[in-house]
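Notes to accompany the following structure.
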Amino acid sequence: MNRPPLKHPQKKYFYSLNIKLMLVVLLAILSSLVVFWSMCKLEDYVADKVYLSDYAKKKALDSKYDKFNRYVKEMNVKGTDKKKLSAWLKKEKYTRLFVWDNNRDVFSGGWSANSETTQGVLRDSVSLEENKEEIVLKEKNTKNRIGSDSFKEDIYNRYVWFADGKYYTYINVNGEQYWYNIMDVATVIMTVFAFLFVIMFYNTMVTGRIKRFSNEVVNISSGNLQSEIRVDSRDEIGRLAMSVDNMRNSLLETMNNEKAAWAANTALITAMSHDVRTPLTSLIGYLDIIEGKKFRTEEDLIRYIHSCREKAFQLKDLSDELFSYFLVFGNPGNAELEEVDAGILFQQLLGEHVAEVLNYGRNITLTYDIPEDVWVKVNVSSLRRLFDNLFSNILKYAGKDFPVEVCAAYSENRIEILFRNTIWKEAKQRESTKIGVKTCRKICEDMHGTFSAIEEGESYVTHITFPVPRSKEGGGEKDDADGGARNS
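Numbering (the working numbering), first residue to last: 3 to 490.
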């Protein structure tokens, strides 16, 4: 089964959440400054257009003087009546009132604005201080209380008739202050809102990703392992999602492997049960004949006993194959490999087994062309088990009419071993679970080698290869070039 590729975080483009938060805070500050500047500009623009323009100022002062004159007339206010003047000012917000004559300042009160400020003062108008200074200089020694030609009347400075006579009067209205107060509060609110909006927008995005990630994990924990976890960022959350998704893929692969192994073991047990049942049934039948003395002659008894031994050995071979299979496949880890001289090791193992086959009176030839100082990484005990299995099958299933050929050679940085033999006719008629082939292939794969077994007509060819990572001091390559072959 193809394993889904594991995802790995790209460190080159990794952005920490701390860095993102710092950038978001800077963006929030910048947004706040933009909003603050915009609100200040709006405040000044509206104030200039609505409150501080010449037309607006004149209209506001005319209205204020009309109200003041009506109040003075209705309440019979004297210019020196500070109580009534103060009462009127309490009702008129952001209004300044100054009353004087040639001799003294009669009344001063109201909005405490800087008297020297020019904000909101009309062009060509005369300020309060200028008017007073002019009168003081020119009317210093006069006996007249009022009526100086030095008093310059404009929209701010006017004559007002009080109950006790006419006085110089100055009124200024700072109605824009109400607008400024409103805009100051609004500016603070909008500036803070702009800062919090950016922070909360980023926080909403992060929490949204966390919620989605949590829902995906819950979905997987409920058993839906096919559901992928989205990785849409290169930060700590993205790295965590990537790790969990890799864990999901590994778990999915493990479960699929377990299912495949379970199916393979079930098929193996079914096949082995059939292979065991057939000789066992025959064995029981032969034993029943012997126990019931249903044989006719002594030769029949000996033939039945021989058949029982043959079936018993067949059962033993099946149990040995099954034991080897579980010994190899039951080990979850790969065999521990050690570096050995291939020229010496394979010559020793093949020579021992070839000699054993010859002792059984079988015809076998060995062509050996693996030089010394060619080093391979193998597990010696697993390699010995591999050759035990192969030569055991040769003795059991190889035909006796033709010799068995064994070739071992070194070429192109690998060791190649080839077995070729004819198939015994009775062996071809037997059903096989191929458990021995599976065991041999697994042993070779654990040592990074390859194993193949092909039936070509009457011949059975087994091909084994082992990689050669290196040759010490170049000796293997030199010997290979010399082509020194040894035959047995």
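In this text, a Cβ means the ideal position worked out from N, Cα and C, and glycines have one as well. Since this is a predicted model, take the numbers as computed values, not measurements.
1. As an exercise, report each continuous beta strand (DSSP E) stretch of at least 3 residues that is fully enclosed by the stretch 395–454, in chain order.
2. Look up residue 204 in the DSSP assignment and say whether it is helix, strand or coil.
3. Cutting at 8 Å between CB atoms, please list the residues of its own chain near residue 31, excluding the five before and the five after it.
4. Of the residues 253, 85 and 86, which one's Cα is nearest the Cα of residue 228?
5. I need the straight-line Cα distance from residue 283 to residue 296, nearest angstrom please.
6. Any idea what DSSP makes of residue 16, helix, strand or coil?
7. What does the alpha-carbon distance come out to for the pair residue 122 and residue 29?
8. DSSP three-state label for residue 113, please.
9. Just curious, the beta strand (DSSP E) that residue 362 is in, first and last residue?
10. So the alpha helix (DSSP H) residue 162 belongs to, where does it begin and stop?
11. If we require 3 or more residues per run, which beta strand (DSSP E) segments fall completely within the stretch 47–95?
12. On the CB-based measure, 16 or more other CB atoms within 10 Å of its CB, does residue 176 come out buried or exposed?
13. Using the Cβ count rule (16 or more neighbours within 10 Å means buried), how would you classify residue 471?
14. I believe residue 467 touches residue 417 by the beta-carbon criterion, under 8 Å. Please report the beta-carbon distance rounded to the nearest angstrom.
15. Look at residue 178 and residue 54 and say whether their C-beta atoms are less than 8 Å apart.
16. With DSSP as the reference, label residue 247 as helix, strand or coil.
17. CA-CA distance, residue 312 and residue 288?
18. When burial is assigned at 16 or more other CB atoms within 10 Å of the CB, is residue 59 buried or exposed?
19. Among residues of its own chain, excluding the 5 on either side of residue 310, which ones have a beta-carbon nearer than 7 Å to its beta-carbon?
20. Helix, strand or coil: which one does DSSP assign to residue 460?
21. When the cut-off is 8 Å and only beta carbons count, does residue 299 lie next to chain B?
22. I'd like to confirm the pairing. Which residues does DSSP put opposite residue 469 in its beta bridges?
23. Does DSSP put residue 271 in a helix, in a strand, or in coil?
24. What did DSSP end up calling residue 358 once you bin it into helix, strand or coil?
25. Anyone know if the C-beta pair for residue 67 and residue 148 falls short of 8 Å?
26. I need the straight-line Cα distance from residue 218 to residue 233, nearest angstrom please.
27. Strictly by DSSP, which residues pair up with residue 170?
28. Assuming residue 233 is part of the beta strand (DSSP E), what are its boundary residues?
29. Which residues in the same chain have their Cβ closer than 7 Å to the Cβ of residue 119, if we skip the five residues on either side of it in sequence?
30. As a quick exercise: from 170, 399, 450 and 446, pick the residue whose alpha carbon is nearest that of residue 461.
31. Could you tell me the boundaries of the beta strand (DSSP E) in which residue 367 lies?
32. Under the three-state reduction of DSSP, which class applies to residue 209: helix, strand or coil?
33. Looking at the strands, I want to know which residues DSSP matches up with residue 343.
34. Who are the Cβ neighbours of residue 90 in its own chain at under 6 Å, not counting the five residues just before and after it?
35. Give a yes or no on whether the C-beta atoms belonging to residue 402 and residue 443 are separated by under 8 Å.
36. Which term fits residue 18, buried or exposed, when burial requires 16 or more other beta carbons within 10 angstroms of its beta carbon?
With the given structure in hand:
1. Taking only runs of at least 3 residues, the beta strand (DSSP E) segments lying wholly in the stretch 395–454 are 406–413 and 416–424.
2. Position 202 of the sequence shown holds residue 204. In the structure shown, the three-state DSSP call for residue 204 is helix.
3. Within the sequence shown, residue 31 is the residue found at index 29, counting from 1. Only 197 meet the Cβ criterion.
4. Taking the first residue of the sequence shown as position 1, residue 228 is located at position 226. Of 253, 85 and 86, the smallest CA-CA separation from residue 228 is found for 253.
5. The residue you call residue 283 lines up with position 281 of the sequence shown. The residue you call residue 296 lines up with position 294 of the sequence shown. Going by the C-alpha atoms only, they are around 17 Å apart.
6. Here residue 16 corresponds to residue number 14 of the sequence shown, with the count starting at 1. In the structure shown, residue 16 adopts coil according to DSSP, grouped into three states.
7. Counting from one through the sequence shown, the residue named residue 122 turns up at place 120. Counting from one through the sequence shown, the residue named residue 29 turns up at place 27. Annotation note: pLDDT 47 at residue 122 (below 50); position unreliable, coordinate value reported separately. Pairing residue 122 with residue 29, the inter-Cα distance amounts to about 37 Å.
8. On the sequence shown, residue 113 is found 111 positions in, with the first residue counted as 1. Here residue 113 sits in coil by DSSP.
9. Counting from one through the sequence shown, the residue named residue 362 turns up at place 360. That residue, residue 362, is in no beta strand (DSSP E); it is neither H nor E in DSSP.
10. Taking the first residue of the sequence shown as 1, we reach residue 162 at position 160. Residue 162: not part of any alpha helix (DSSP H); member of the beta strand (DSSP E) spanning 159–164, first to last residue.
11. Whole beta strand (DSSP E) segments, 3+ residues: zero.
12. Locating residue 176 in the sequence shown gives position 174, counting from the first residue. Classification of residue 176: buried, given that the 10 Å Cβ count is 16 or more.
13. One-based indexing of the sequence shown puts residue 471 at position 469. Classification for residue 471: exposed.
14. To locate residue 467, count along the sequence shown from 1; it is residue 465. To locate residue 417, count along the sequence shown from 1; it is residue 415. Between residue 467 and residue 417 a beta carbon distance of about 7 Å is seen, short of the 8 Å cut, so the two are scored as contacting.
15. By 1-based counting over the sequence shown, the position of residue 178 is 176. By 1-based counting over the sequence shown, the position of residue 54 is 52. Their beta carbons are under 8 Å apart, which means residue 178 touches residue 54 by this criterion.
16. Position 245 of the sequence shown, counted from the first residue, corresponds to residue 247. Reduced to three states, the DSSP call for residue 247 is helix.
17. Along the sequence shown, one-based indexing puts residue 312 at 310. Along the sequence shown, one-based indexing puts residue 288 at 286. Going by the C-alpha atoms only, they are around 11 Å apart.
18. Along the sequence shown, one-based indexing puts residue 59 at 57. By the 10 Å Cβ count, residue 59 comes out buried.
19. Translated into the one-based positions of the sequence shown, residue 310 becomes position 308. Answer for residue 310: 285, 288 and 289, listed in chain order.
20. The residue you call residue 460 lines up with position 458 of the sequence shown. It is coil, neither helix nor strand.
21. Of the protein chains in the structure, only one exists, and it is not chain B.
22. Position 467 of the sequence shown, counting from 1, holds the residue named residue 469. Looking at the DSSP assignment, residue 469 forms a beta bridge with 416.
23. Counting from one through the sequence shown, the residue named residue 271 turns up at place 269. Look at residue 271 here: in three-state DSSP terms it is helix.
24. Within the sequence shown, residue 358 is the residue found at index 356, counting from 1. Look at residue 358 here: in three-state DSSP terms it is helix.
25. To locate residue 67, count along the sequence shown from 1; it is residue 65. To locate residue 148, count along the sequence shown from 1; it is residue 146. Cβ distance not < 8 Å, so residue 67 and residue 148 don't count as in contact.
26. As a working mapping, residue 218 is identified with position 216 in the sequence shown. As a working mapping, residue 233 is identified with position 231 in the sequence shown. Roughly 11 Å separates the two Cα atoms.
27. Indexing the sequence shown from 1 puts residue 170 at position 168. DSSP output for residue 170 lists 102 and 161 as bridge partner(s).
28. Numbered from 1 along the sequence shown, position 231 holds the residue referred to as residue 233. Unbroken run through residue 233: none, as it is neither H nor E.
29. As a working note, residue 119 is residue 117 in the sequence shown. Low confidence applies here, because residue 119 scores a pLDDT of 44, under 50, leaving its location unreliable and the question unanswered by this model.
30. Translated into the one-based positions of the sequence shown, residue 461 becomes position 459. Closest option to residue 461, Cα to Cα, is 399.
31. Position 365 of the sequence shown holds residue 367. Element bounds for residue 367: 366–371.
32. Position 207 of the sequence shown, counting from 1, holds the residue named residue 209. Taken through DSSP and simplified to helix, strand or coil, residue 209 comes out as helix.
33. Taking the sequence shown and counting its residues from 1, one reaches residue 343 at position 341. According to DSSP, residue 343 bridges with 377.
34. For this step, residue 90 is matched to residue 88 along the sequence shown. Excluding its 5 nearest sequence neighbours in each direction, residue 90 has C-beta neighbours in its own chain below 6 Å: 73, listed in chain order.
35. Within the sequence shown, residue 402 is the residue found at index 400, counting from 1. Within the sequence shown, residue 443 is the residue found at index 441, counting from 1. Not in contact: residue 402 and residue 443 (Cβ atoms no closer than 8 Å).
36. Start at 1 with the first residue of the sequence shown, and residue 18 comes out as number 16. Exposed: under 16 other Cβ atoms inside 10 Å.
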